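Step one of this worksheet: look at the structure below.
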Amino acid sequence: MNVAVKPALAAQKREITGKKVSSLRRNGLIPAVIYGKNIDSVNISMNIAEFNKIYKDAGGNTIVLVKIEGENDKNVLIHRVDKDGVSGYVIHADLYEVKMTEKITAKVPLNFTGDSKAVREMDGMLITNKNEVEVECLPGDLIHDIEVNIETLDDFEKAIHISDLKVPQGVVVLDEPEETVATVEPPRSEEEMAELEEVVEEVIPEVEGEKAAEGEGAAEGEEAPQGESEKRE
1 MNVAVKPALA AQKREITGKK VSSLRRNGLI PAVIYGKNID SVNISMNIAE
51 FNKIYKDAGG NTIVLVKIEG ENDKNVLIHR VDKDGVSGYV IHADLYEVKM
101 TEKITAKVPL NFTGDSKAVR EMDGMLITNK NEVEVECLPG DLIHDIEVNI
151 ETLDDFEKAI HISDLKVPQG VVVLDEPEET VATVEPPRSE EEMAELEEVV
201 EEVIPEVEGE KAAEGEGAAE GEEAPQGESE KRE
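In this text, residue positions in the sequence shown follow the numbering used here: the first is 1, and each later residue adds one.
Right under this line is the structure:
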């Protein structure tokens with residue numbers, strides 16, 4: 001059982017929804033919703049600076065404790081974060097409430113460590129086929145990442161597979177065991193490099209009418225479709 005202290009966020013219930021949530025953002029708050037299996041969803045707001053700090057460290061695969069005024073504390077995963085398309089600021093978050101006694105599935109990133117002899121001494125190139133895997137476990141056993149030591153890749157014949165990953169007891173990797181995680185490719189030969197340097201020029205004739213007229217855009221009075229993040233408040 002993972003006994004690490006959970007990061008905590010203070011929150012307040014909110015009645016404001018729709019376009020009116022912009023007033024929350026102007027006051028340094030972020031609108032969010034807590035939902036889950038067989039539970040009623042709860043609209044909340046949180047301090048945006050505190051949320052950004054927690055999200056940077058926790059990501060989407062760390063249990064976060066949300067403390068709501070007048071409510072029991074809730075164990076959640078940050079399932080989705082919507083950002084403004086221009087500024088990049090977080091404008092909304094979806095928090096998935098979990099029950100600590102029920103297993104969940106989550107994506108866990110792979111953290112590649114170590115030094116490969118095939119890269120260091122043989123000029124090979126490390127090829128990573130997967131950067132994350134799906135795991136199943138109790139929420140308290142969820143891990144932040146999985147370490148993958150590439151020191152075993154000491155020649156071009158070796159490979160690291162899903163079955164080689166080391167995870168704590170209680171955590172099961174759901175990806176196929178035979179899937180390749182990482183290999184090292186040998187350096188390219190002079191002939192291969194020469195082929196890559198050859199440039200083949202292709203002349204593609206322009207089809208009349210295919211190119212939009214200069215200045216042509218959306219139909220008059222037609223607005224560009226809004227992103228999903230702007231629809232979900």
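No residue lacks a Cβ here, since even glycine has one placed at the ideal position from N, Cα and C. Remember, predicted model here, so these are calculated numbers, not experimental data.
- Here DSSP, grouped into helix, strand and coil, assigns Gly170 to coil.
- Boundaries cannot be given for Glu176, as no alpha helix (DSSP H) includes it and DSSP labels it neither H nor E.
- Between Tyr89 and Tyr35 the beta-carbon gap is near 23 Å, outside 8 Å, which marks them as no contact.
- Close CB contacts of Tyr55 within its chain, under the 7 Å cut and outside five residues either way in sequence, are with Ile78 and Val81 (chain order).
- Ala49 is classed as exposed because its beta carbon has fewer than 16 other beta carbons within 10 Å across all chains shown.
- Taking C-beta separations shorter than 7 Å and ignoring five residues to either side along the sequence, the partners of Thr152 in its chain run Lys158 and Ile160, following chain order.
- The DSSP assignment places 90 to 97, 104 to 113, 125 to 128 and 132 to 137 as complete runs of the beta strand (DSSP E) inside the segment 79 to 139, in order along the chain (cut-off: 3 residues).
- Between Ile127 and the set Ser23, Glu185 and Asn52, the nearest pair of CA atoms involves Glu185.
- Beta-bridge annotation (DSSP): Ile30 is paired with Met46.
- Counted as a single uninterrupted DSSP element, the beta strand (DSSP E) harbouring Glu147 occupies residues Ile146 to Asn149.
- Of all alpha-carbon atoms in Ala182, Ala58, Val64 and Glu176, the one lying nearest the alpha-carbon of Thr113 is that of Ala182.
- Val184 has Leu126 as its beta-bridge partners, per DSSP.
- Residue state for Gly60 is assigned as coil, using DSSP reduced to three classes.
- A distance below 8 Å separates the beta carbons of Lys13 and Ile68.
- Contact check for Asn131 against Leu110 passes: the beta carbons are separated by less than 8 Å.
- In this chain, the beta strand (DSSP E) harbouring Leu9 covers Ala8 to Lys13.
- Distance between Phe51 and Leu9, taken at the CA atoms: about 7 Å.
- If you compare the alpha carbons of Val21, Asp115, Glu147 and Asp40 with that of Val133, the shortest gap goes to Glu147.
- DSSP, read as helix, strand or coil, puts Leu165 in coil.
- The beta carbon of Pro187 sits closer than 6 Å to the beta carbons of Asp123 from its chain, once the five residues preceding and following it are set aside; these are given in chain order.
- Going by beta carbons, Ser41 and Leu24 fall outside the 8 Å limit.
- One Cα belongs to Glu195, the other to Lys99, and the distance between them is close to 57 Å.
- Leu65 carries a strand assignment under DSSP once its states are collapsed to helix, strand and coil.
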